[in-house]
Amino acid sequence: MKKFRKVLDGLTTSSPGGTIGSPSCGSAAGTPTTAPTPKEIDVQETLVSENFQLCKTVRHGFPYQPTALAFDPVQKILAVGSRTGGVRILGRPGVDCYCQHESGAAVLQLQFLINEGALVTACADDTLHLWNLRQRRPAILHSLKFNRERVTFCHLPFQSKWLYVGTERGNTHMVNIESFILSGYVIMWNKAIELSTKTHPGPVVHLSDSPKDEGKLLIGFESGTVVQWDLRCKKADFRIYYDEAIHSVSWHHEGKQFMCSHSDGSLTMWNLRNTTKPFQVTFPHGKIQRDGRKESCKPILKVEYKTSRSSEPFIVFSGGLSYDKAGRRPTLTIMHGKAITVLEMDYPIVEFMVLCETPYNNEVQEPSAVVVLLEKDLIVVDLTQSNFPVFENPYPMDIHESPVTCTAYFADCPPDIIPILYSIGAKHKKTGYSQKEWPISGGTWTLGSHTYPEIIITGHADGSIKFWDASAITLQMLYKLKTSKVFEKPKPGEGRAADLVEEDPFAVQMVSWCPQSRIFCVVGISAHVILYRFSKYDANTQIVCLDVRLQCESDDVITPSENENNPCFPEPGSHSPQPQHPASPSSGTPEGIKDSIPCLKVKDRVVRVPPGYQAELVIQLLWVDGEPPQQITTLDINSAYGLLAFGNCNGLAIVDYLQKTILLCMSTLDLYGAADPYQRLTRSPRRNRQSTSEVCMRGLSNFYSDSKKRIRTSYQSLTELSDNQQSIDMERSKSPTSDHVNGHCTSPTSQPLAGKPRVPMGPEGPRLTRRGPGRPPFRKAQSAACMEISLPVSHTEGYASRRAMLQQFHGVTMYSHDEHHITSPYCWSERESRENSFSRSRSSSVSSIDRDTKEAITTLQFGESYGRKSDALPTPCLWVGTSLGVVVLIPMSIPTDQEERMEEPVTIGPSGMVLMLKGSVLRFGFLDCMGAVIQSPYETWRDLNAPEDPDRPRRRKLVHFSPSSSQDACGDGHLAVVCSERQAKVFLMPSQSCLFVHNITESSFVLRADVVSVCNSVCLACFCANGHIMTLSLPSLRPLMDVNYLPLTDMRIARTFCFTNGGQALYLSSPTEIQRITYSQEMCDNLQEMLGELFTPIETPEAQNRGFLKGFFGGNANTFDREELFGEAAAGKASRSLAQHIPGQGGMEGMKVAAGGAVGDLARARIALDERGQRLGELEERTALMMTSAETFSKHAHELMLKCKDKKWYQF
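Throughout, the working numbering is defined as the position within the sequence shown, counted from one, plus 3.
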């Protein structure tokens, strides 16, 4: 418990590395301010470092790039291995465990120790690992690294302690599962084949013991050779040589015949009585051509031969289709008797496995289902029904159904929102699934005591939105919303239709959701905003559309007539302007240049909308002079105010969605007015051109006393070039389609790719790169799932190109004239990368004068605050943060009465405050003077489509959280937390005094930041580009946790990382998986209770009685003792250089797992202290026992001495 006091008597605080050329923190526009009145702020901070620990909780979604599959028929759990070394173990819903090999090597094969609670993994680095599944977080017990041979196949017989390992050289080794030590018993390839064979048989592709006799091992080589090896006699029983390569082998349960699949698409059946040739050869999908020959077929990669008591055997295989039809989808074929069923799959088949009732391979198998692992899906087919329906998958395997482009995480939601979303979404579920229970039903999971409603929202490239129930570390689909239904589909004959081929014009860029009012906003990649309201009733509605002309560039060619007809802003006397429509509704000028049209066309008719989220308003940015609208970078909505604000690199717009009007539409430059903190350099005038900010913003002249509008120059980070000549070249080659993110020019034509010579451009260079009149401003959606951009980490900045990262981080798409989707960052020096935007030289060089630079709106937030220092009461305000680290506060006057609110206009006042930070502003947060979070006001949900009730009229119910409501002792005022890419500051409002400042990072930059609640208190959580996750106390900004968690390797993590309350966060760890983490020590302690148990004690089913005759004539497999053959006594020790045993790091759960940070060290110290005390106690007990024993011995010795004292020697 720490108490912080600060006396604000003329306090002006600046950071240790103060910004050069920037005003002090407590002043606006660089002008000195009067000292605030002495006031004492008393905040008791309860958070300490011991409250924080970072750990992964659970991973959702489909395993990315799967490679292997295994199933335990007794425990009924499934394991999936991946190319990145991950292992997902699945059981009943709620039982979902993720393990990761430290090496990151691909998992080649998985083998369960059936009903033993263990799993063997064979990896591409020729290492075998034994995992202990009898704990909630599996750990590796043993590892065995092969040094001289490559592992190709493994087989573990049921209830055996010896693992058969086949290698690339064709040898077969035996590994003891208990000790993980290699046996001296080896089946060498040259012993397995005949001496007369002149060629190597190839790698081992199959190993299996005979169902008839466990002492017989069937070895399949890739070349087509099959050998049955007698383990007792150490010789081959028979050898089969076939012309075609073998891919898999499957036994009949009686052990008298087996089936092989080959590379020519054939299946061969072999009988052990006659192994000279197969007694049956079939081409399931090979047709006989006219000339009598079989058409060539693709390889059959795997076959399984399963018998049934009540019907014909099942033969299931993948592949084998003919080559004649190109583009055919992958198939799984089921042959049951004479019936052949071909199941087409959406993705290539990685592996499949037939699920049977018995674990014994010498019994009738009775197959019930087939698990099919695809590249991007997992399906289970029901074999008990003739139409082979699939089971409904209870796991969230369809997160990547369309690539994920954004995420949002909401913890501690209203408890009624999840049931109502589920009830609406359940009406649209697919049908036709199997009615049987999900066959993968192993493990146990119970709802923990530390649960609360959580919702995850994912936006996708096809414009769909998915709501997920994330309570209790599970994930379940609730509701799906398709935003594309708002727009018209482009017709084939339209000019724009050709440009939309293979595009994602509806891709979701960001979402904003108010759970209390159930108002939902979606920002699309086509520069559009859709506002949805929730209703339990269907309705006939017509969507209102507002067009916003937010394209204010000094380089735009704008004539006075155009500006008079198409004003961006209202006249001075107007407070609530109506949406301005262009004078010419045509799609472009006579020259074919698009102007004043949106990217998409909204449905202009009355449409029937089902219950759920229903679109009410669509806001679209317009093309201007052939230039597409820039993508929206930030958005905020407030249901209590009825306002929506969004911004991009051009400026800011505020919309009243209750009255369906545009309140404000202005460039970032004009937000400042006289409070501009920069000394702007005037651009050289050009003939027949007018400054956009002079013409378009004339309607805002009443806002400011200074009516002179100045044009921005390039004083922002990472845009200065190393020399003036490059700046001139850059200006000449700059495309008018340049996209700007955080004030960075990102035109792909501005700079050639690294290593390629620059193409000289003449005066017509910009015209050559101008986007064509019919070209849309979007390419294939920059989905967070499909971004695999490698960003090598340097020792200074952490990234080869911070600009390239920010371009994708904010979702801006770029084009070049040759249609390549590339990102070409500018060249910038290492020294400049470390400099801040405010410490740049104000020289009047050619670069500074001639280059136009934009300042993007990076964050917005509505809230009750003080617009000016002189304000006595808080009023509705909009906090605006820019890419230059400037914070502007815009006060508003909103009518309070419901009738007046729908009729009277909302008045927006002039900006009254400017604060400054280093780097782009990322986040705002508000605290009262006691340190508690001030929530934004909201409107309680009301269903506008519900039937009218005359007794209870529908009225707006607003919930306000005033900053002064809980501050009787402190007086009026509140604290404002502002976080940027580089630093965090805490201001006292309304005096605007900077109380605390903390430089978060100098060598990197913050990607995500949020004010979150943890352990009944609040803190500032940050995620940096160098992979560090850190938390700062509030309001003192003390560092509480700093963990180097995740090096950022691609943009997917940056764009999807988000914090939420309760000490939780998530990000897209792969294109198909969501990783949830926690940084709360309390949740880490309770995590074991929340996770499911993988292993449950189950009795192994007894083997069927084979009968006397079968046992006598079929051989007695029970007499086979592998220990006697493979043990050290009989086989000796294996060569030490062949394989190396590595002890596992994981043993007892929670004890041997290394914990990071001070909390882990303290825990280890406590454990060591407890162990020492326990040992001392045991020593004391043993000492006391020895003393008692010694006393007893002494007593008995004394008694014996007295008894024998007087006896003579002959009396003994």
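The beta carbon of each residue, even a glycine, is placed where N, CA and C say it ideally should be.
Because the structure is a prediction, the values reported are computed rather than measured.
Option in the options with minimal Cα separation from residue i
{"i": "S146", "options": "H158, S106, L159 and N174", "result": "S106"}
{"i": "M191", "options": "L234, F183 and K164", "result": "L234"}
{"i": "T434", "options": "P392, V889, W448 and Y1048", "result": "P392"}
{"i": "V230", "options": "W273, G88, Y188 and E1202", "result": "W273"}
{"i": "G934", "options": "G322, L1037 and E942", "result": "L1037"}
{"i": "I458", "options": "M338, Y1048, H176 and P422", "result": "P422"}
{"i": "P69", "options": "T49, V123, Q112 and R140", "result": "Q112"}
{"i": "V891", "options": "L881, C416, E360 and K148", "result": "L881"}
{"i": "G330", "options": "K960, Y350, R536 and T477", "result": "Y350"}
{"i": "R985", "options": "P214, S886, S1073 and Y67", "result": "S886"}
{"i": "L1069", "options": "Y412, H1199, I184 and E630", "result": "Y412"}
Whole-angstrom distance between residue j and residue i, CA atom to CA atom
{"i": "K485", "j": "F470", "result": "12 Å"}
{"i": "C517", "j": "Y436", "result": "35 Å"}
{"i": "A1106", "j": "I80", "result": "21 Å"}
{"i": "Q1091", "j": "V345", "result": "44 Å"}
{"i": "V110", "j": "D240", "result": "33 Å"}
{"i": "H158", "j": "M513", "result": "49 Å"}
{"i": "C997", "j": "N1089", "result": "38 Å"}
{"i": "Y308", "j": "G169", "result": "22 Å"}
{"i": "S590", "j": "V489", "result": "Low confidence applies to S590: its pLDDT is 47, below 50, so where it sits in the model is not reliable enough to give any reading."}
{"i": "K1210", "j": "L1172", "result": "57 Å"}
{"i": "R151", "j": "H1144", "result": "14 Å"}
{"i": "H265", "j": "S251", "result": "8 Å"}
{"i": "K1206", "j": "E1194", "result": "18 Å"}
{"i": "G1065", "j": "T1099", "result": "31 Å"}
{"i": "L1071", "j": "C58", "result": "16 Å"}
{"i": "S405", "j": "Y675", "result": "42 Å"}
{"i": "A195", "j": "V375", "result": "34 Å"}
{"i": "P370", "j": "N277", "result": "28 Å"}
{"i": "T1075", "j": "I1056", "result": "12 Å"}
{"i": "L603", "j": "E491", "result": "8 Å"}
{"i": "G1147", "j": "F1129", "result": "23 Å"}
{"i": "P333", "j": "A510", "result": "29 Å"}
{"i": "L1094", "j": "R137", "result": "13 Å"}
{"i": "F990", "j": "V981", "result": "8 Å"}
{"i": "R91", "j": "I143", "result": "14 Å"}
{"i": "K539", "j": "R1058", "result": "33 Å"}
{"i": "T271", "j": "E354", "result": "21 Å"}
Integer Cβ distance of residue i from residue j, believed to fall under 8 Å
{"i": "P160", "j": "E119", "result": "Contact flag wrong, Cβ pair sits at about 13 Å."}
{"i": "K297", "j": "I303", "result": "That belief does not hold up - the Cβ atoms of K297 and I303 are roughly 14 Å apart, past 8 Å."}
{"i": "C1027", "j": "L1010", "result": "7 Å"}
{"i": "N651", "j": "S670", "result": "At roughly 11 Å, the Cβ-Cβ gap does not stay under 8 Å, so N651 and S670 are not in contact."}
{"i": "G205", "j": "S182", "result": "About 31 Å separates the two Cβ atoms, so there is no contact after all."}
{"i": "A125", "j": "V154", "result": "5 Å"}
{"i": "G173", "j": "F224", "result": "6 Å"}
{"i": "L198", "j": "L210", "result": "L198 to L210, Cβ: 23 Å. No contact."}
{"i": "A643", "j": "L961", "result": "5 Å"}
Tell me the start and end of each unbroken alpha helix (DSSP H) in the stretch 1056-1127 that is at least 4 residues and wholly inside, in chain order. As far as the stretch 1056-1127 is concerned, its whole alpha helix (DSSP H) runs of at least 4 residues are 1084-1093 and 1111-1116.
Within the stretch 1006-1040, note down every full beta strand (DSSP E) run reaching 3 residues or more, in order along the chain. Listed in chain order, the complete beta strand (DSSP E) runs (minimum 3 residues) inside the stretch 1006-1040 are 1009-1017, 1020-1027 and 1031-1036.
Three or more C-beta pairs below 8 Å linking the stretch 925-945 and the stretch 857-865: Contact between the stretch 925-945 and the stretch 857-865 is present: 3 or more CB-CB pairs across the two stretches fall below 8 Å.
If we count Cβ pairs, one from each stretch, closer than 8 Å, do we get three or more for the stretch 517-533 versus the stretch 618-626? With a cut-off of 8 Å, the stretch 618-626 and the stretch 517-533 count as touching, because enough Cβ pairs lie within range.
Any contact between the stretch 892-908 and the stretch 599-612? By contact I mean 3 or more CB pairs, one from each, below 8 Å. Contact fails: fewer than three Cβ-Cβ distances are below 8 Å.
Please determine if the stretch 374-390 and the stretch 438-445 are in contact, where contact requires at least 3 C-beta pairs separated by less than 8 Å. Touching, yes.
Would you be able to state if there are at least three C-beta pairs under 8 Å between the stretch 911-924 and the stretch 867-876? In the pairwise beta carbon analysis, the stretch 867-876 is classified as touching the stretch 911-924: at least three pairs are separated by under 8 Å.
Scan the stretch 912-998 and note each continuous beta strand (DSSP E) run of 3 residues or more that stays entirely inside, going in chain order. Those beta strand (DSSP E) runs which fall completely within the stretch 912-998 and span 3+ residues are 916-919, 924-930, 977-983 and 986-992.
With three or more beta-carbon pairs closer than 8 Å as the criterion, would you say the stretch 391-406 touches the stretch 279-287? These segments do not touch.
Taking only runs that begin and end inside the stretch 260-313, name each unbroken beta strand (DSSP E) of 3 or more residues, in chain order. If we require 3 residues or more, the beta strand (DSSP E) runs fully inside the stretch 260-313 come out as 260-265, 270-274, 283-285 and 303-309.
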